[in-house]
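Q: Sharing a structure, written as structure tokens. Questions coming.
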Amino acid sequence: MRVFPKGQGFTVGLLGALALAWLWPEGGKAGGVLWADDTTKAAVVIIFLLQGLNLPLGQLRRGLGDWRLHLFVQLFGFVVFPLATWCLVVTGILPGGWAPGFLFLAVLPTTISTAIVY
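Written out as structure tokens, the structure is:
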């Protein structure tokens, strides 16, 4: 099966979406013609559903067996990072205006906070 054009379909689609947004920004605004409020939520649900359906069941079972690793990652992400950030706030190292944002980022899962950074 040939992929258009030579495996770069995503890049072409992304550039097309950027061009469309630049030429017609009204279409994607809240309450616009494309219903961006609803379609964004639906797109997130569909992406997570398709990614979940794509997971091999055997590999998922093997991954769940390594509970010590999962416990370490969860504790580090949801206890160590927030506590370290809280210590920075309490000691005054972080300026007062920055504290809420940093505390919010500290409790987010790492994939979300990484996506925010990029």
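Heads up, the sequence shown is in this note's numbering, so the first residue is 1308 and it goes up one at a time. Backbone N, C-alpha and C fix where the C-beta goes; we use that ideal spot for every residue, glycine too.
Just mark A1463 as buried or exposed, buried being the case when its beta carbon has 16 or more other beta carbons within 10 Å.
A: Residue 1463 cannot be examined here, being either before or after the span of the chain that is shown, 1308 to 1425.
Q: Roughly how many whole angstroms lie between the Cα atoms of V1380 and L1327?
A: Walking along the sequence shown from the start, residue 1380 turns up at place 73. Walking along the sequence shown from the start, residue 1327 turns up at place 20. V1380 and L1327: Cα-Cα distance of roughly 41 Å.
Q: I'd like the span of the alpha helix (DSSP H) that includes W1393, first residue to last.
A: In the sequence shown, counting from the first residue as 1, residue 1393 sits at position 86. Start and end: 1388-1397.
Q: Alpha carbon to alpha carbon, how far is G1314 from G1320? Give it in angstroms, no decimals.
A: Taking the sequence shown and counting its residues from 1, the one referred to as residue 1320 is at position 13. Taking the sequence shown and counting its residues from 1, the one referred to as residue 1314 is at position 7. Rounded to whole angstroms, G1320 to G1314 spans 12 Å at the Cα level.
Q: Rounded C-beta distance between T1392 and L1410? I'm assuming under 8 Å.
A: The count along the sequence shown starts at 1 and reaches residue 1392 at position 85. The count along the sequence shown starts at 1 and reaches residue 1410 at position 103. The Cβ separation is near 6 Å, so the contact holds.
Q: Expressed to the nearest angstrom, what Euclidean distance is found between the alpha-carbon atoms of P1332 and T1318?
A: As a first step, residue 1332 is located in the sequence shown; it is residue number 25 there, counting from the start. As a first step, residue 1318 is located in the sequence shown; it is residue number 11 there, counting from the start. About 20 Å.
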